[in-house]
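Numbering (our numbering), first residue to last: 4 to 290.
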């Protein structure tokens, strides 16, 4: 034990001597502090991200979007959670769940999508609700009676799917195309094991484009959108240059029939299991 401790201590002292240049092997002027290493430039970072995205075949995405609406003296909030496994290459496919919390109500759906098809899984009792409009209690295009206790895959329109997930919002490569026009406003900072590519815009036209991308469910039919600010941040692993987190903070006003709605939205998307997701298989019930 004493020999081990002596070896460890000797190693520490030797390392200190080498760093200070006392031994003459390394001069003091040759020592470079980690603090002096500068972050990559914006162009360098985007180049690294583009290269890394070419090697990314799959990942897991957990995205939480919180929207707060203030209308006069009333305020409302809702929370959307998208939790999906995604295959990027050779073909896009996604499977997972979506959760919506609004007031005291919670909705949960299973999801499946590829480049051409988009589905969500719903129980029969929900289909029988009048708002779905299924006449005579039959499943669309089959003529089969709806079982209140059964489960059914229902087709989504692409526009509906794009509200939950679009490549422009979340795909590690496509997001770079979505924000390339903001490059002059970008900066790169290093924090621990991550580099952060980020920008904030307040110019109305620029901010509105980002709001339309990430909050289209609220603004797609709005009369007027008055942006305040948008802050977008991409958190990147400094070693692999794979995306680990994306955050978007938006503040704006909607005008509907002369009434103003103040809205703040926070999106936080986390990327895990890079290249570790099994092949996404289309549920057999959809075939």
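Glycine included, C-beta positions come from ideal geometry on N, C-alpha and C. Quick caveat: nothing in here was measured; it's all calculated off a predicted structure.
Discussion item. Applying the 10 Å Cβ sphere with the 16-neighbour rule, what's the burial state of residue 109?
Written reply: exposed
Worksheet entry | The alpha helix (DSSP H) enclosing residue 127, as first and last residue numbers | 127-130
Worksheet item: Around the Cβ of residue 196, are there at least 16 other Cβ atoms within 10 angstroms (buried) or fewer (exposed)?
Response: exposed
Worksheet item: For residue 268, which residues of its own chain have a beta-carbon under 6 Å away from its beta-carbon, when the five flanking residues on both sides are left out?
Response: 70, 218, 253
Worksheet item: Would the C-beta of residue 191 count as close to the ligand FAD, meaning under 6 Å from any of its heavy atoms?
Response: The ligand FAD is absent from the structure shown, which contains no ligand whatsoever.
Practice prompt. Return the bridge partner residues of residue 72 from the DSSP annotation.
Written response: 79, 266
Worksheet entry | Distance between residue 115 and residue 99 (C-alpha atoms, nearest Å) | 7 Å
Item to complete: Taking all protein chains shown into account, decide if residue 201 is buried (16 or more other Cβ within 10 angstroms of its Cβ) or exposed.
Response: buried
Discussion item. At 3 residues or longer, what runs of the beta strand (DSSP E) sit wholly inside the segment 171-234?
Written reply: 190-194, 197-204
Fill in: Outcome for residue 289 when other beta-carbon atoms lying within 10 angstroms are tallied against a minimum of 16
exposed
Worksheet item: Do three or more CB pairs link the segment 226-235 to the segment 43-50 at distances below 8 Å?
Response: no
Practice prompt. Kindly confirm or deny that the segment 178-197 and the segment 121-130 touch, where touching means at least three C-beta pairs closer than 8 Å.
Written response: no
Practice prompt. Can you have a look at residue 260 and say buried or exposed, based on whether 16 or more other CB atoms are within 10 angstroms of its CB?
Written response: exposed
Worksheet item: Which residue or residues does DSSP assign as beta-bridge partners of residue 67?
Response: 84, 271
Worksheet item: Which partner residues of residue 45 appear in the DSSP bridge assignment?
Response: Answer is none; residue 45 lacks a bridge partner.
Worksheet item: In the structure shown, what three-state DSSP assignment does residue 56 receive?
Response: helix
Worksheet entry | Cα-Cα separation, residue 189 to residue 255 | 21 Å
Worksheet item: At what residues does the beta strand (DSSP E) containing residue 154 begin and finish?
Response: 154-158
Discussion item. Please report the straight-line C-alpha distance between residue 65 and residue 40, rounded to a whole angstrom.
Written reply: 32 Å
Worksheet item: So, helix, strand or coil for residue 114, using DSSP?
Response: strand
Discussion item. Contact defined as beta carbons within less than 8 Å: I believe residue 172 pairs with residue 216. What is the distance between those atoms, to the nearest angstrom?
Written reply: 6 Å
Worksheet item: Touch check for the segment 144-162 and the segment 204-212: three-plus C-beta pairs under 8 Å?
Response: no
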